[in-house]
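A.B. asks: My structure is below; once you've seen it, I'll send some questions.
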Amino acid sequence: MASLIGYYSLILGLLCSLLTILYSIKNFNNNNVIKKEVLFFTFLQFFFVIISFLGLIVSFIISDFSNETVYNHSHTTKPLFYKISGTWGNHEGSLLLWLFVLTLFIFLFLLKSNNQPKKYRILTLAFQQVIITGFFIFLIKTSSPFNYIFPIPSEGLGLNPILQDPALAIHPPILYLGYVGSSIIFSSALAATASGYISKDWAKHIKGWVLISWFFLTLGILLGSIWAYYELGWGGFWFWDPVENVSLMPWLALTTLLHCILALEKRSILTSWVIILSIATFTLSMCGTFLVRSGILNSVHTFANDPERGLFILIFLFFLIFLSLFIFFYFHKNENKNFKLFLLSKETSILINNWFMMYFLSVILVGTIYPIFLEVISSEKISVGPPFYNKLIIPFLIPFLFAMAIGPKLKWIKSEIQNKINLIIFLVISFSISFLILKNLNDNFLLNSILLTSAFYLFFITTKDFMIKKIQNFSQNLAHFGFSLLILSILLNNIFSTEVITNLKIGETFKSKNLSINFQSIDQKDEQNFKSLIGKFEINSSKDESIILKPELRIYNQPNITTSEADIKISLLKDRFITMNSVQNQNYFNIRYQVKPFMIWIWISVLLISFAGISSFFRKIYEN
Amino acid sequence: MYGRKVKLRFFFVLSAFLILVLTVVLILKSLEENVVYFQSPSEIKELLEVKKKKIRVGGMVKNDSISIKTKELEFIITDFKSEINVVYSGAIPNLFEEGKGVVAEGFLKDKNFFIATKILAKHDENYMPPEVKEALKEK
Numbered sequence: 364m365a366s367l368i369g370y371y372s373l374i375l376g377l378l379c380s381l382l383t384i385l386y387s388i389k390n391f392n393n394n395n396v397i398k399k400e401v402l403f404f405t406f407l408q409f410f411f412v413i414i415s416f417l418g419l420i421v422s423f424i425i426s427d428f429s430n431e432t433v434y435n436h437s438h439t440t441k442p443l444f445y446k447i448s449g450t451w452g453n454h455e456g457s458l459l460l461w462l463f464v465l466t467l468f469i470f471l472f473l474l475k476s477n478n479q480p481k482k483y484r485i486l487t488l489a490f491q492q493v494i495i496t497g498f499f500i501f502l503i504k505t506s507s508p509f510n511y512i513f514p515i516p517s518e519g520l521g522l523n524p525i526l527q528d529p530a531l532a533i534h535p536p537i538l539y540l541g542y543v544g545s546s547i548i549f550s551s552a553l554a555a556t557a558s559g560y561i562s563k564d565w566a567k568h569i570k571g572w573v574l575i576s577w578f579f580l581t582l583g584i585l586l587g588s589i590w591a592y593y594e595l596g597w598g599g600f601w602f603w604d605p606v607e608n609v610s611l612m613p614w615l616a617l618t619t620l621l622h623c624i625l626a627l628e629k630r631s632i633l634t635s636w637v638i639i640l641s642i643a644t645f646t647l648s649m650c651g652t653f654l655v656r657s658g659i660l661n662s663v664h665t666f667a668n669d670p671e672r673g674l675f676i677l678i679f680l681f682f683l684i685f686l687s688l689f690i691f692f693y694f695h696k697n698e699n700k701n702f703k704l705f706l707l708s709k710e711t712s713i714l715i716n717n718w719f720m721m722y723f724l725s726v727i728l729v730g731t732i733y734p735i736f737l738e739v740i741s742s743e744k745i746s747v748g749p750p751f752y753n754k755l756i757i758p759f760l761i762p763f764l765f766a767m768a769i770g771p772k773l774k775w776i777k778s779e780i781q782n783k784i785n786l787i788i789f790l791v792i793s794f795s796i797s798f799l800i801l802k803n804l805n806d807n808f809l810l811n812s813i814l815l816t817s818a819f820y821l822f823f824i825t826t827k828d829f830m831i832k833k834i835q836n837f838s839q840n841l842a843h844f845g846f847s848l849l850i851l852s853i854l855l856n857n858i859f860s861t862e863v864i865t866n867l868k869i870g871e872t873f874k875s876k877n878l879s880i881n882f883q884s885i886d887q888k889d890e891q892n893f894k895s896l897i898g899k900f901e902i903n904s905s906k907d908e909s910i911i912l913k914p915e916l917r918i919y920n921q922p923n924i925t926t927s928e929a930d931i932k933i934s935l936l937k938d939r940f941i942t943m944n945s946v947q948n949q950n951y952f953n954i955r956y957q958v959k960p961f962m963i964w965i966w967i968s969v970l971l972i973s974f975a976g977i978s979s980f981f982r983k984i985y986e987n
Numbered sequence: 003m004y005g006r007k008v009k010l011r012f013f014f015v016l017s018a019f020l021i022l023v024l025t026v027v028l029i030l031k032s033l034e035e036n037v038v039y040f041q042s043p044s045e046i047k048e049l050l051e052v053k054k055k056k057i058r059v060g061g062m063v064k065n066d067s068i069s070i071k072t073k074e075l076e077f078i079i080t081d082f083k084s085e086i087n088v089v090y091s092g093a094i095p096n097l098f099e100e101g102k103g104v105v106a107e108g109f110l111k112d113k114n115f116f117i118a119t120k121i122l123a124k125h126d127e128n129y130m131p132p133e134v135k136e137a138l139k140e141k
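Set out below in C-alpha cells:
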C-alpha cells in the first residue's frame with residue numbers, strides 16, 4: 364500500500380515538474396512577479412516527493428517484502444534504525460533521496476530569493492526543473508524503488524552488514540545535501556549568465572548556497588572517512604579509492620568556487636571562472652553519481668551492475684554539459700574591463716589558490732578516470748594507487764601552504780607584505796620545531812621536514828591572527844587554521860604510525876623489542892541479528908601503560924557475512940587500534956595492531972573547517 | 003618595438019603554456035610509473051620474463067590450499083587453468099575464504115611463486131571483482 368502511494372506520487376511529481384517548466388516558459392516574459400501556478404506546482408512537487416520518500420521508509424519499517432527494494436535490502440530481524448537507514452543504503456532509495464534533496468533545495472531557493480530579479484529566479488527554477496525531470500525519468504524508468512514482487516517472499520535478503528553502522532547511516536543524506544546542493548549553484552549560475560545577472564549582487568546572494576553545500580559536503584566526506592577508519596579495519600583515513608576521489612573532486616571545485624566568489628563579490632572580476640566552477644562542481648557531482656552507480660567502480664557503493672542505468676546518467680550528463688557550455692559561450696560576454704593585476708594582491712593570491720586547486724583536481728581526475736579509459740580502449744586492467752597521488756600532490760603542498768599563510772594578509776588591488784621580520788621569525792621557529800621532531804628520521808628527511816615546516820608555518824600564522832585580529836575574518840581564519848591542523852596531523856600521523864600484523868592462536872603472545880600482545884581469550888555473545896566473537900588482548904609496551912583491547916568479529920545471520928569491528932583506545936596523542944580476523948578452518952586469528960598518532964586531530968580539524976563554513980553562513984544571514 | 007604591455011602578455015601566455023605542458027608531462031610520467039597491472043595466473047604463465055614490478059593477481063582461492071603460520075600465510079590462486087602459489091604476511095580481509103574470489107597485490111618471484119604485499123578486501127559475499135570474473139570466464 365505504502366509502495367503504491369509512493370509510486371503514484373513519483374508520477375505525479377514528474378507531472379508537476381513538466382507543468383512547472385511549461386508555466387515558467389509562459390511566465391518568462393510577462394509581468395514582474397512569478398505566477399502563483401509556478402510556485403504552487405513547485406511546492407506540490409516537493410510534497411509528492413516527500414510522500415514518495417515516506418512511502419519507501421514506511422515499506423522498510425513494516426518490512427513489506429512485496430516491494431523488491433525492501434526485499435533485496437532488508438530483513439525482519441534488523442534493528443529499526445537500520446531499517447530506516449536501509450532506505451537510502453541502496454541504489455533506488457539513494458536516488459529517491461537525490462530527488463528529495465533536489466526538490467527541497469529549489470523549494471528553499473524560491474522562498475529565500477524574493478529580493479532577486481524575477482527573470483533570474485524563473486530561469487533558475489526552469490534549469491533546476493530540467494535536472495529534476497531528468498532524475499524523475501531515470502528513477503521511474505530504470506530504477507523504481509517500488510517494483511512489486513509476487514508471490515510475496517516471507518523474508519528479505521538483508522542489508523550488507525558493513526553498512527549497518529551509525530556513521531554510515533547518516534553519511535549518504537549529509538553527503539547528498541552537499542552534492543545536490545551544488546545543483547542550485549549550477550542552475551543559478553546558468554540562469555544568471557543567461558539573464559546577464561553575473562554581478563556583485565549575484566555573488567553575494569549565491570555565496571550562502573555555496574557555503575551551505577560546502578559545509579555538508581565536508582561533513583559528509585568526514586563521516587565516510589571515519590567509517591572507513593573503524594569499520595573497514597584499514598586503520599587509515601584516506602585510501603585514494605576511486606569512490607573517495609569522486610567525492611573529493613566536487614569538494615575541490617566547490618572550495619575553489621568559494622574563494623573565487625569572494626573576488627567576484629568584492630571586485631567583480633573572475634566572472635568566467637565563477638561560472639565555469641559552478642558548472643564544474645555539479646558536473647563532477649553527477650560524474651560521481653555516474654561512476655559509482657553505473658558499477659564501473661567496484662566498491663561498497665556499487666549496488667548493481669546495470670548498464671542501462673549508467674548509459675542514462677551518461678547521456679543526461681552530456682546533455683547538461685552541452686546545455687551549460689552553450690549558455691556560457693552564447694550569453695556570457697567577458698567584459699574586458701581594463702583591470703590591472705598586481706603581483707602582491709588578494710586577487711593574485713586567490714588566483715594562485717585556484718591554480719593549485721585545479722592542479723590537484725586534475726591529478727585526481729586523471730588517476731580516477733585513466734584506468735577506466737584504458738580498459739575501454741585496450742581492455743588492459745590497471746589500478747592507480749596511493750603512490751601516484753602522493754608523488755604528484757604532496758610536493759605541491761609546500762608552496763600551496765606558504766601561499767595560504769601569506770595570501771589572506773594581502774589587501775585587494777595592490778598590497779605590500781607587512782611585518783616581514785615577524786614572518787621570517789615564524790619561518791625560523793617552524794623550521795627548528797620540524798627539525799627537532801624529525802631529527803631521528805632517516806628516510807625522506809628533506810621532503811618531510813620542509814613539508815612539516817610549511818604546515819607549522821601556516822599553523823603559527825593563523826594562530827597568531829586569531830590572537831590579534833578582529834572578529835572580521837573569523838571564518839576564513841578558522842578554516843585556514845583547521846586546514847593547517849589537518850595537514851600537520853596527517854603528516855605526523857603518516858610519519859610516526861607503526862603497525863604489527865601477526866597470526867596468533869588463543870593464549871599465544873606476540874613479542875618484539877618494546878611491545879607484547881597477549882591473546883587471552885575469546886567470548887561469544889548473541890545479538891539481535893548477529894553473533895559476535897569478542898577477543899581479549901592485553902597489550903604491553905615499554906612506553907605506555909598496558910591496556911586491554913577487545914576487537915570483535917560479527918557473524919551476521921542475513922546475509923551471512925562476517926565483519927570485524929576494530930577496538931580503538933583513543934587519546935589526544937594517539938589512537939591504539941586493533942582488528943582481528945578469523946581464517947577459514949584454521950586455529951589462527953589474524954591480528955593487526957596499529958599505533959596512530961594524532962588520529963583524533965584529523966577528525967577535529969575537519970570539523971573545525973566545516974564549522975568555519977557554517978559560521979560564515981550564519982554571519983552572512985545575521986548581516987542581512 | 004612592441005610595447006611593454008604586449009611583451010608582458012606574451013610572457014604571461016608563454017609561461018602559462020609551459021606550466022600546462024609541464025603539468026601534463028609530470029602527470030603522465032608518474033602515471034606510467036605507478037600503475038599496477040592486473041593479471042590472471044594463466045597470463046603469468048605466458049609471460050616471457052618476470053619483471054620486478056608490482057602487479058595484481060586475481061582468481062579463486064583453491065580449496066584446501068590455505069595454510070597459516072605465525073608470520074605468514076600461504077595459499078594458491080587458481081583460474082581453473084593455471085595456478086600460482088602465494089605467500090603473504092599482513093592483514094587478512096574478512097571475506098578471504100577457500101573457493102571465493104581474491105585479488106592479491108605484490109611481486110612475482112618466478113612464474114609459480116608470488117609474494118603478496120596486500121590482499122584486497124571485498125565487501126560482499128556475492129561480490130566478485132570484475133577482473134576475477136573475466137579471468138575465470140576466459141578459462
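Taken in sequence, the protein lines are chains A and B. Counting in this note's numbering, the first sequence runs from 364 upward without gaps. Counting in this note's numbering, the second sequence runs from 3 upward without gaps. Glycine included, each C-beta is placed from N, C-alpha and C at the ideal position. Just so you know, these numbers come straight off a predicted model, no measurement behind them.
1) Output needed in chain order: residues of the region 740 to 772 of chain A with a Cβ under 8 Å from some Cβ in chain B.
2) Does any CB atom of chain A fall closer than 8 Å to the CB of Lys55(B)?
3) Indicate the three-state DSSP secondary structure (helix, strand or coil) for Asn811(A) in the structure shown.
4) Going by DSSP, what residue range makes up the alpha helix (DSSP H) through Pro758(A)?
5) Can you find the residues in the same chain that come closer than 7 Å, C-beta to C-beta, to Lys959(A), ignoring five residues on each side of it along the sequence?
6) Among all the DSSP beta bridges, which residues are the ones paired with Asn953(A)?
7) Are the region 556 to 568 of chain A and the region 614 to 621 of chain A in contact at 8 Å, needing three or more beta carbon pairs?
8) Is it the case that the Cβ atoms of Ser558(A) and Lys475(A) are separated by a distance below 8 Å?
9) Name the residue from Arg11(B), Asn36(B) and Leu20(B) whose alpha carbon lies nearest to the alpha carbon of Ile57(B).
10) Consider the Cβ of Arg982(A): report whether some Cβ of chain B lies at a distance smaller than 8 Å.
11) Along the region 89 to 115 of chain B, where does the CB come closer than 8 Å to a CB of chain A? Name the residues.
12) In this structure, how does DSSP classify Phe974(A) when only helix, strand and coil are distinguished?
13) Would you call the CB atoms of Tyr370(A) and Phe463(A) closer than 8 Å?
14) Helix, strand or coil, according to DSSP, for Lys709(A) in the structure here?
15) Would a check of beta-carbon distances place Thr861(A) closer than 8 Å to chain B?
16) Contact criterion: CB-CB distance below 8 Å. Does Ser32(B) meet it with respect to chain A?
17) Flag Val655(A) as yes if its beta-carbon sits less than 8 Å from any beta-carbon of chain B, otherwise no.
18) To which residues of the same chain is Ser395(A) closer than 8 Å at the C-beta, ignoring the five residues directly before and after it?
19) Residues bridged to Ser904(A) by DSSP?
20) Please confirm if Ala667(A) has its CB atom under 8 Å from at least one CB of chain B.
21) Consult DSSP for Gly61(B) and reduce its assignment to one of helix, strand or coil.
22) On the DSSP letters alone, give me the boundaries of the beta strand (DSSP E) that Gly519(A) sits inside.
23) Looking at C-alpha atoms only, which residue of Pro734(A), Leu522(A) and Phe468(A) is the closest neighbour of Lys744(A)?
24) With a threshold of 8 Å between beta carbons, is Val37(B) in contact with chain A?
25) Return the chain-ordered list of same chain residues with a C-beta closer than 6 Å to the C-beta of Tyr592(A), the five sequence neighbours on each side being excluded.
26) Would Thr72(B) count as contacting chain A if we go by Cβ distances under 8 Å?
27) List the endpoints of the continuous alpha helix (DSSP H) containing Lys9(B).
28) Listed in chain order, which residues of the region 952 to 968 of chain A have Cβ atoms closer than 7 Å to some Cβ of chain B?
29) Measure the beta-carbon distance from Ile121(B) to Val104(B) and round it to whole angstroms, keeping in mind my assumption that it falls under 8 Å.
30) Go ahead and pull the three-state DSSP assignment for Asp828(A).
31) Distance check for Leu50(B) and Ala532(A), CA to CA, integer angstroms please.
32) Please list the segments of the alpha helix (DSSP H) lying wholly inside the region 407 to 494 of chain A, counting only runs of 4 or more residues, in order along the chain.
33) Taking the continuous beta strand (DSSP E) assigned at Asp528(A), which residues delimit it?
34) Is Thr440(A) close to chain B? Criterion is C-beta to C-beta, closer than 8 Å.
35) In the structure shown, what three-state DSSP assignment does Phe600(A) receive?
36) Please name the residue, chosen from Ile954(A), Lys899(A) and Ile757(A), that lies closest to Ile911(A) on a Cα-to-Cα basis.
C.D. replies: Reading from the atomic positions:
1) If the cut-off is 8 Å between Cβ atoms, the region 740 to 772 of chain A has Glu743, Lys744, Ile745, Ser746, Val747, Gly748, Pro750, Phe751, Lys754 and Leu755 near chain B.
2) Judged by the 8 Å Cβ criterion, Lys55(B) is not in contact with chain A.
3) Three-state DSSP puts Asn811(A) in a helix.
4) Pro758(A) -> alpha helix (DSSP H) spans Pro749 to Ile769.
5) Result list for Lys959(A): Gly598, Asn856, Ser860, Lys937, Asp938 and Phe940, in chain order.
6) For Asn953(A), the pairing in a beta bridge is given by DSSP as Asn866(A) and Asn944(A).
7) As far as the Cβ criterion goes, the region 556 to 568 of chain A does not touch the region 614 to 621 of chain A, which means the pair count is below three.
8) No, Cβ-Cβ distance for Ser558(A) and Lys475(A) is not below 8 Å.
9) Looking at Arg11(B), Asn36(B) and Leu20(B), the one whose alpha-carbon comes closest to that of Ile57(B) is Asn36(B).
10) Output row for Arg982(A): interface = no.
11) Residues Ser91, Gly92, Ala93, Ile94, Pro95, Asn96, Leu97, Phe98, Glu99 and Glu100.
12) Helix at Phe974(A).
13) Not in contact: Tyr370(A) and Phe463(A) (Cβ atoms no closer than 8 Å).
14) Three-state result, Lys709(A): helix.
15) Taking Cβ atoms only, chain B never reaches closer than 8 Å to Thr861(A), which makes this a no.
16) Contacts with chain A at 8 Å (Cβ-Cβ) include Ser32(B).
17) Not closer than 8 Å to any Cβ of chain B, the Cβ of Val655(A) fails to qualify, so no.
18) Note on residue identity: the sequence assigns Asn, not Ser, to residue 395(A). Same-chain partners within the cutoff: Lys481.
19) Ser904(A) pairs with Leu878(A).
20) Note that Ala667(A) has pLDDT 46, beneath the 50 cutoff, so the model's placement of it is unreliable and no number is given.
21) Of the three classes helix, strand and coil, the one that applies to Gly61(B) here is strand, per DSSP.
22) Per DSSP, Gly519(A) belongs to no beta strand (DSSP E) and is neither H nor E.
23) With distances taken between Cα atoms, Lys744(A) lies closest to Pro734(A).
24) Between Val37(B) and chain A, the shortest Cβ-Cβ separation is below 8 Å.
25) Taken in chain order, the residues that qualify are Phe600.
26) At least one beta carbon of chain A lies nearer than 8 Å to the beta carbon of Thr72(B).
27) Arg6 to Asn36 is the extent of the alpha helix (DSSP H) around Lys9(B).
28) Those residues of the region 952 to 968 of chain A that come within reach of chain B (Cβ to Cβ, closer than 7 Å) are Asn953 and Arg955.
29) Right, their Cβ atoms sit about 7 Å apart.
30) Asp828(A) carries a helical assignment under DSSP once its states are collapsed to helix, strand and coil.
31) So the alpha carbons of these two residues sit roughly 50 Å apart.
32) The region 407 to 494 of chain A is shown to contain whole alpha helix (DSSP H) runs of 4 or more residues at 431 to 436, 443 to 448 and 454 to 475, in chain order.
33) Careful: Asp528(A) lies outside any beta strand (DSSP E) and carries neither H nor E.
34) By this cut-off, Thr440(A) is not an interface position.
35) Under the three-state reduction of DSSP, Phe600(A) is assigned to coil, being neither helix nor strand.
36) Ranked by how close their Cα comes to the Cα of Ile911(A), the residues Ile954(A), Lys899(A) and Ile757(A) have Lys899(A) in first place.
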